[in-house]
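Take the sequence shown: its position 495, counted from the start at 1, is 495 in the UniProt record's numbering, and no numbers get skipped.
Note that beta-carbon positions come from the ideal geometry of N, C-alpha and C, so glycine has one too.
Below is one structure, written out as structure tokens, with a few remarks after it.
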Amino acid sequence: MLACFFCSCSHVPNMEVEDSICVPGFDPGLNMMTGITPINPMIPGLGLVPPPPPTEVAVVKEIIHCKSCTLFPQNPNLPPPSTRERPPGCKTVFVGGLPENATEEIIQEVFEQCGDITAIRKSKKNFCHIRFAEEFMVDKAIYLSGYRMRLGSSTDKKDSGRLHVDFAQARDDFYEWECKQRMRAREERHRRKLEEDRLRPPSPPAIMHYSEHEAALLADKLKDDSKFSEAITVLLSWIERGEVNRRSANQFYSMVQSANSHVRRLMNEKATHEQEMEEAKENFKNALTGILTQFEQIVAVFNASTRQKAWDHFSKAQRKNIDIWRKHSEELRNAQSEQLMGIRREEEMEMSDDENCDSPTKKMRVDESEADIEDCAGDPADRGLHSAALAAQAYALKEENDSLRWQLDAYRNEVELLKQEKEQLFRTEENLTKDQQLQFLQQTMQGMQQQLLAIQEELNNKKSELEQAKEEQSHTQALLKVLQEQLKGTKDLVETNGHSHEDANEINVLTVALVNQDRENNTEKRSQGLKSEKEALLIGIISTFLHVHPFGANIEYLWSYMQQLDSKISANEIEMLLMRLPRMFKQEFTGVGATLEKRWKLCAFEGIKTT
């Protein structure tokens with residue numbers, strides 16, 4: 001790389017470097033040079049392998065010389081070696097394509113230049129896994145992917161190989177990464193908690209307990225305007241605690257009286273604040289009026305400038321600027337006038353509200369004016385004035401009447417809407433209750449039908465068992481008779497022919513074998529409950545499913561599970577199959593009322609114990 005750099009300045013002769021590489025970080029004797037500080041591989045940009053350049057710049061790799069081997073870069077025209085997605089917290093790399101004769105010491109010699117190695121796991125199939133101490137060292141090791149490694153100067157195939165370095169998934173790396181993430185989360189939670197504790201307002205001071213001394217101090221505080229808010233809180237807490245009794249009633253009465261004395265002060269303060277607010281509103285309105293007047297003057301200046309007498313003397317650019325300024329001023333003038341009109345409307349509304357509040361006084365004034373009109377009716381000169389006053393009063397009363405009528409109509413419409421909404425809600429509630437009752441009755445009917453079917457099935461099973469027991473009894477009686485006859489015959493033979501005791505035992509063994517064979521045949525006849533191999537398969541799957549559900553499962557749950565295996569099966573078919581095997585499956589009812597539910601459970605193990 002140094003030769004490539006200095007070639008642009010002048011001709012550089014061929015240089016031979018012994019046991020060194022062109023990449024700066026691979027020189028083992030670099031730290032021995034005087035006057036040069038050791039290079040820390042942790043500093044970004046000064047490590048063993050330079051960071052990968054941008055994609056648009058071609059990567060130029062150099063030959064790397066080590067003590068035991070040499071690394072040759074791949075053809076720059078070939079595409080770069082592919083890598084998998086980097087796992088989180090990756091510190092382990094996979095190194096494939098190693099020479100067969102490469103030892104762990106040679107691998108450590110090559111890759112320890114990338115950083116501290118914590119573990120090397122070498123396999124017999126020419127690959128290994130290398131775990132570094134830090135994550136950034138993995139990027140340096142990935143840089144060596146694609147290099148051809150040759151041991152010494154040998155040309156044997158066993159001494160050469162093309163390296164493939166890729167990210168590897170390791171549980172230790174992922175565990176350390178998770179630990180770091182949890183540590184950061186803990187630090188973040190701790191930081192947030194400290195921030196919340198810092199921003200949390202301080203808790204109020206504790207309220208002292210009641211005593212005569214504290215009550216006297218509190219009475220003095222209640223009389224002080226600056227300590228009134230704190231004292232009234234203590235008084236309220238004492239009253240809520242129940243400290244008022246016959247002995248302390250007089251003290252509490254005096255304190256309540258002191259609290260009441262502050263009402264007049266508060267009303268005076270409110271009046272002063274309202275007066276200040278009105279003055280501020282008036283000042284704001286006056287200032288806004290002055291601003292609006294000045295805007296009007298500015299707009300008048302622009303309008304005068306746009307007249308032909310003065311407009312012709314301006315240039316094109318000046319006309320454009322004047323037009324823009326005029327439009328902007330008109331927009332601001334309109335906005336200010338709208339704001340001023342809004343303030344005036346609010347004042348008029350407040351005045352109308354005050355007039356509505358003073359309606360009784362208005363009525364008294366109207367009565368007084370009517371009395372004055374009656375007194376002055378005899379004077380013909382004042383009749384015109386009185387008639388005009390009456391017309392104005394009539395018009396005002398008419399407007400009030402219209403407004404009241406409109407309010408009444410609005411209230412009526414609201415009442416009608418509320419009635420309609422109430423009726424709709426009542427109807428929906430009735431429909432819901434009827435639907436719930438109908439659904440509950442349907443569920444109970446289904447439960448009773450299923451119980452009836454189960455009882456009928458049990459009755460049929462009991463009848464079949466009774467018939468089988470009768471057949472077995474008759475069969476065993478017949479066998480007993482045959483055995484008795486055989487025993488009599490054998491005794492006669494022993495007495496007449498003098499057979500030995502062993503012959504008699506052989507006959508007994510044959511009879512016992514016949515009896516056992518007969519029992520096996522009966523059990524085979526009794527166990528013929530399944531019709532096909534499909535039913536046996538279904539029973540096995542259902543048994544496995546119910547075995548992992550010890551509290552049972554309803555038929556819909558079973559059917560949804562079985563439908564994933566066989567889409568043609570129905571819930572009725574599964575239920576009939578379960579009813580046919582009462583010793584293997586049993587049905588239980590859980591819940592009350594609307595929550596009534598049937599569940600099937602596996603009872604095969606209990607059935608084996610009872611048989």
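If you count every other CB in all the chains shown that lies within 10 Å of the CB of threonine 37, and 16 or more means buried, which is it? Interpretation of threonine 37 is limited by its pLDDT of 41, a score under 50 that renders its predicted location unreliable; the figure taken from the coordinates is listed afterwards. Per the 10 Å Cβ criterion, exposed.
Rounded to a whole number of angstroms, what is the C-alpha to C-alpha distance between glutamine 443 and aspartate 172? 57 Å
According to the Cβ coordinates, are glutamate 104 and lysine 122 closer than 8 Å? yes
Give me, in chain order, the residues of the same chain whose beta-carbon lies closer than 8 Å to that of phenylalanine 127; leave out the 5 immediate sequence neighbours on both sides. Phe94, Val95, Gly96, Gly97, Leu98
Mind pulling the alpha helix (DSSP H) runs of 4 or more residues that sit fully within the UniProt domain "RRM" (91-170)? 104-111, 136-142
Does the distance from the CB of leucine 199 to the CB of alanine 259 come in under 8 Å? no
Quick check: tryptophan 600 and leucine 578, are their CB atoms within less than 8 Å of each other? yes
Grab the span of the alpha helix (DSSP H) containing threonine 306 for me, first residue to last. No alpha helix (DSSP H) contains threonine 306, which DSSP labels as neither H nor E.
Going by C-alpha to C-alpha distance, which of Gln108, Asn101, Phe314 sits closest to threonine 118? Gln108
Nearest-angstrom Cα separation, counted from histidine 129 out to aspartate 139: 15 Å
By the 10 Å Cβ neighbour count, where 16 or more other Cβ atoms means buried, how is leucine 235 classified, buried or exposed? buried
Go to leucine 235, then tell me how far its beta strand (DSSP E) extends in each direction, as first and last residue. Taken as a continuous stretch (DSSP letters only), leucine 235 belongs to no beta strand (DSSP E), being part of the alpha helix (DSSP H) at 228-241.
Determine the burial state of cysteine 603: buried for a count of at least 16 other Cβ atoms within 10 Å of its Cβ, exposed for fewer. buried
For phenylalanine 605, collect the residues of the same chain with a Cβ closer than 7 Å to its Cβ; drop the 5 residues on either side in sequence, then sort them by chain order. none
Under DSSP, the beta strand (DSSP E) around lysine 598 begins and ends at which residues? 597-602
Let me make sure I understand the geometry here. Which of Phe284, Leu144, Glu195, Phe585 has the alpha-carbon closest to that of asparagine 554? Phe585
Excluding the five sequence neighbours on either side, which residues of its own chain have a C-beta within less than 8 Å of the C-beta of isoleucine 539, listed in chain order? Leu530, Leu577, Leu581, Met584
Note down the Cα distance separating arginine 246 from alanine 216, rounded to an integer number of angstroms. 17 Å
Below 8 Å, how does it come out for the stretch 198-212 and the stretch 178-187: are there three or more Cβ pairs, yes or no? no
Measure the Cβ-Cβ separation of cysteine 90 and phenylalanine 167 and say whether it is below 8 Å. yes
Helix, strand or coil at glutamine 587 [DSSP, three-state]: strand
Taking the CB atoms as reference points, tell me whether aspartate 225 and arginine 265 lie closer together than 8 Å. yes
Spatial neighbours of asparagine 541 within its chain, please: C-beta separation below 8 Å, excluding the five flanking residues on both sides. A small correction: the amino acid at residue 541 is isoleucine; asparagine does not occupy that position in the sequence shown. Contacts found: Met562, Leu565.
Considering only their Cβ atoms, is the gap separating arginine 333 from valine 299 smaller than 8 Å? yes
So, are the CB atoms of isoleucine 322 and phenylalanine 314 less than 8 Å apart? yes
Could you work out which residue in Leu596, Thr289, Leu151, Arg84 is closest to methionine 445 when comparing CA atoms only? Leu596
Consult DSSP for glycine 35 and reduce its assignment to one of helix, strand or coil. With a pLDDT of only 39 at glycine 35, under 50, the local geometry of the prediction cannot be trusted, and the value read off the model is given with reservation. It is coil, neither helix nor strand.
Under the three-state DSSP convention, the category glutamine 336 falls into: helix
According to DSSP, which residues form a beta bridge with histidine 65? Thr70
Alanine 219 by DSSP, collapsed to three states: which one? helix
Report, in whole angstroms, the separation of the C-beta atoms of phenylalanine 80 and glycine 146, which I expect to be a contact under 8 Å. Reading off the sequence shown, one finds proline at residue 80, where the question assumed phenylalanine. Contact flag correct, Cβ pair sits at about 7 Å.
Going by DSSP in three states, alanine 469 sits in which element: helix, strand or coil? helix
Please state whether DSSP places alanine 206 in a helix, a strand or coil. coil
Delimiting residues of the alpha helix (DSSP H) encompassing glutamate 573: 571-579
How big is the Cα-Cα spacing for leucine 480 and glutamate 458? 32 Å
Buried or exposed, going by whether 16 or more other CB atoms sit within 10 Å of the CB of glycine 45? Confidence is the limiting factor: at glycine 45 the pLDDT is only 42, short of 50, which leaves the residue's position unreliable and the question unanswerable from this model.
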